[in-house]
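Written below as structure tokens is the structure these notes are about.
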Amino acid sequence: TTAVSTLAGNGAAGGVDGVGTSATFYQPRGITLDTSFSTLYVAECNGNRIRSISLSTALVHSIAGSGVASFANGFGAFAGFNAPIFLAISPSGVLFTAEFINHRIRALTCVPCPASYYCSSGVPILCPAGSFCPLSSINATACPAGTYSTTTGASSNATCLTCPCPEVCTSPEQE
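Here the sequence shown is numbered in our numbering, starting from 276 and rising by one per residue.
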């Protein structure tokens, strides 16, 4: 007999990152495994995102797309998708997705951690690449190697996220 269990998602439509059933998906369509068989990637059709699921921890993380239907090349949430439906991965780790509405095949490649995060001291200032500003602070806090931050301005939820490709994102460098 075969046992069926839920790896991630709680059945509610949404785009919440989290562990296992605390995460939500909005019409996941395509999946593929990374080359080390440790991460499952998910094309979220109506969520307009590419998500990852760690098979060891069940941590769900949005790696590309903002959730809004659009088209844009860029890093992480600054990339825009419109109905990604299939995924494939090359032996070198390049992730490909087919976009239904944008009529495109897109490649997600690993690059050094992105830059251009901002702190606020009345006037926004450019923080060093791979850094964030904790709440009530104008001083940038560097993210550890292999992580990055997409937080803009001071925020109580300013965190460093694991780079989707830690073998390339080994230090908080500029793009």
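From the three backbone atoms N, C-alpha and C, an ideal C-beta is built for every residue, glycine too.
| field | contact_flag[the segment 357–368, the segment 294–301] where n(CB pairs < 8 Å) is 3 or more | value | Not touching, per the Cβ criterion.
| task | Determine which residues share a DSSP beta bridge with residue 370 and list them. | result | Taking the first residue of the sequence shown as position 1, residue 370 is located at position 95. Beta-bridge pairing by DSSP links residue 370 to 364 and 383.
| Within the chosen definition, does the segment 318–333 reach the segment 284–299 through at least 3 CB pairs nearer than 8 Å? | Three or more pairs of CB atoms, one per stretch, sit closer than 8 Å, so the segment 318–333 contacts the segment 284–299.
| Could you give the distance in angstroms between the alpha-carbon of residue 350 and the alpha-carbon of residue 278? | The residue you call residue 350 lines up with position 75 of the sequence shown. The residue you call residue 278 lines up with position 3 of the sequence shown. Whole-angstrom Cα-Cα distance: 38 Å.
| query | Bridge partners of residue 336, per DSSP? | reply | In the sequence shown, the residue the question calls residue 336 occupies position 61. Answer by DSSP bridge pairing, in chain order: 327.
| query | In the DSSP assignment, what are the bridge partners of residue 307? | reply | One-based indexing of the sequence shown puts residue 307 at position 32. Bridge pairing for residue 307: 316 [DSSP].
| Using CA coordinates, which residue listed in 316, 343 and 363 is at the minimum distance from residue 289? | Working through the sequence shown from its first residue, we reach residue 289 at position 14. For residue 289, the nearest C-alpha among the options comes from 343.
| field | Contact check, residue 316 vs residue 329, beta carbons under 8 Å | value | Translated into positions along the sequence shown, residue 316 becomes position 41. Translated into positions along the sequence shown, residue 329 becomes position 54. Remark: C-beta atoms of residue 316 and residue 329 do not approach each other more closely than 8 Å.
| What residues are listed by DSSP as bridge partners for residue 294? | Counting from one through the sequence shown, the residue named residue 294 turns up at place 19. Residue 294 is bridged to 334.
| request: Using alpha carbons as the reference points, say which of 383, 382, 375 and 324 lies closest to residue 337. | output: For the purposes of this step, residue 337 is identified with residue 62 of the sequence shown, where counting begins at 1. The candidate whose alpha carbon is nearest that of residue 337 is 324.
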